[in-house]
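In what follows, a single structure is set out as structure tokens and then discussed.
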Amino acid sequence: MEIIPLVNPVISRYQIRYYMKICLLSFIASLFCLSSFSQSEGTIDSEGSKLYYRVYGSGEPLLIINGGPGMNSEGFAGLAITLSKNNRAIIYDQRGTGRSVLKTTDSSTITMDLMVKDIENLRRYLHIDKWSILGHSFGGMLASYYATLFPQHIRSLILSSSGGIDLGLLSYVSTAINSKLTAAQLESVNYWTNKISGGDTSHYARLQRGLALAPAYVYDKKNIPVIAERLTQGNSRINNFVWQNLQKIKFDCAGKLSAALFPVLVIQGKQDIVSAATAEKAHKAFTNSTLVFLDHSVHYGWLDNPDSYFEAVNVFLRKAQQN
């Protein structure tokens, strides 16, 4: 079936206008929130990159590593603001994304080792001895890799819908995402992906792809516009370089994580695109780990099931920080 750009089996012209209005209102609201809550921001030099960061709140430091790879931290400001009620919440744009600028973006400047060095350089710059880390999705993979190299600087670790501690995700995640979409939605994703690959990199094209793809990531469909807008922010070149590097280094943290004694919370949705087996494998790799599955939740627990998500995270952080 041919999909016409403005009217396809998934999204009507009326729905497109509605979703775009919602996305615009969400964007305006986010700008207001950032100006109201952001307490400090800055840029540091790190391994050839200008690394941009923001800090919210006060108290024990909590680094939040966003997913992707190839996405900025903009979509995680709301999570940081909520968690800053009891913590000094820190977010940053991973190298080459958002306001973290690289002169050259290629396979030599986008590697897991350099991304870990960025995190460590940020810790030193902020004069933090130990911090808690929340890594979401790919951010959980990066946090796990950081934990194999600098465990002495981690007070506690939260793996939120993490991609895992190895590359097992690659064997099933595409199928898992596709299984949550209707045939019409898949057709729409393919149509807009081809348009973008063909040179149409407009926000409109990226948003249409996001609107068709977002239903795979959320349980509560009211969150589709937020995730659709988030999906427009990806950098496909950086994404490809990261996955190439993960395969080059044969990413597998399991052997080094058993020695880590800090507390770990592994948390994800029961309906997540990340399998329960991936979460259980991470849970078993750590000596001091707790595993939580949230019902009525896919990939963004703080959106689908905020009460349960924040209760689990806040209780865990309080206990970890008391020890």
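Going by my numbering, 129 is the number at position 102 of the sequence shown; the sequence numbering is gapless. From the three backbone atoms N, C-alpha and C, an ideal C-beta is built for every residue, glycine too.
Asked, Found
"Whole-angstrom distance between Phe268 and Gly75, CA atom to CA atom", "17 angstroms"
"Residue burial classification, Gln260 (beta-carbon count within 10 angstroms, cutoff 16)", "buried"
"Beta-bridge partners of Gly296, as assigned by DSSP", "Leu321"
"Neighbourhood of Asn350 by C-beta distance below 8 angstroms, restricted to the same chain and skipping five residues each side", "Pro290"
"Backbone CA spacing between Val37 and Gly225 [nearest angstrom]", "Summary for Val37: the model assigns pLDDT 39, below 50, so the residue's position carries little reliability; its value from the coordinates is reported in the next sentence. Going from the Cα of Val37 to the Cα of Gly225 covers about 22 angstroms."
"Cα-Cα separation, Asn341 to Arg233", "35 angstroms"
"Residue burial classification, Leu288 (beta-carbon count within 10 angstroms, cutoff 16)", "exposed"
"Pairwise C-alpha distance: Asn266 and Asn148", "22 angstroms"
"Exposure of Gln295, with buried meaning 16 or more beta-carbon neighbours within 10 Å", "buried"
"Pair within 9 angstroms by beta-carbon distance, Gln212 and Ala255", "no"
"Val216 (DSSP reduced to helix, strand or coil)", "helix"
"Leu292 and Val319 closer than 9 angstroms at C-beta", "yes"
"Close Cβ partners of Thr136 (< 6 angstroms) along its chain, the five nearest in sequence each way excluded", "Leu129"
"Sequence-distant residues of its chain with Cβ nearer than 7 angstroms to Thr131 (five each side left out)", "none"
"Where Ile55 sits in the DSSP three-state scheme", "Per-residue confidence for Ile55 stands at a pLDDT of 41, beneath the threshold of 50, marking its modelled position as unreliable; no derived number is given."
"Integer Cβ distance of Gly95 from Phe177, believed to fall under 8 angstroms", "Actually they do not touch by this definition, with Cβ atoms about 21 angstroms apart."
"Residues that Ser187 bridges to, as DSSP identifies them", "His163, Ile294"
"Collapsed DSSP secondary structure at Ile137 in the structure displayed", "coil"
"For Tyr79, three-class secondary structure by DSSP", "strand"
"Strand pairing of Ala116, partner residues [DSSP]", "Tyr83, Leu89"
"CA-to-CA distance, Gly237 to Lys222, given in whole angstroms", "13 angstroms"
"Own chain partners of Ser111 with C-beta closer than 6 angstroms, once the 5 adjacent residues on each side are dropped", "Tyr83, Gly84"
"Cβ-based burial, Asp72 [other Cβ within 10 Å; buried from 16]", "exposed"
"Neighbourhood of Gly86 by C-beta distance below 7 angstroms, restricted to the same chain and skipping five residues each side", "Asn113, Asn114, Arg115"
"Beta-carbon contacts of Tyr173 that lie in its chain and below 6 angstroms, excluding the five residues immediately before and after", "Val143, Ile146"
"Collapsed DSSP secondary structure at Asn341 in the structure displayed", "helix"
"Stretch-stretch touch, CB-based, cutoff 8 angstroms, three pairs: the segment 177–191 with the segment 206–220", "no"
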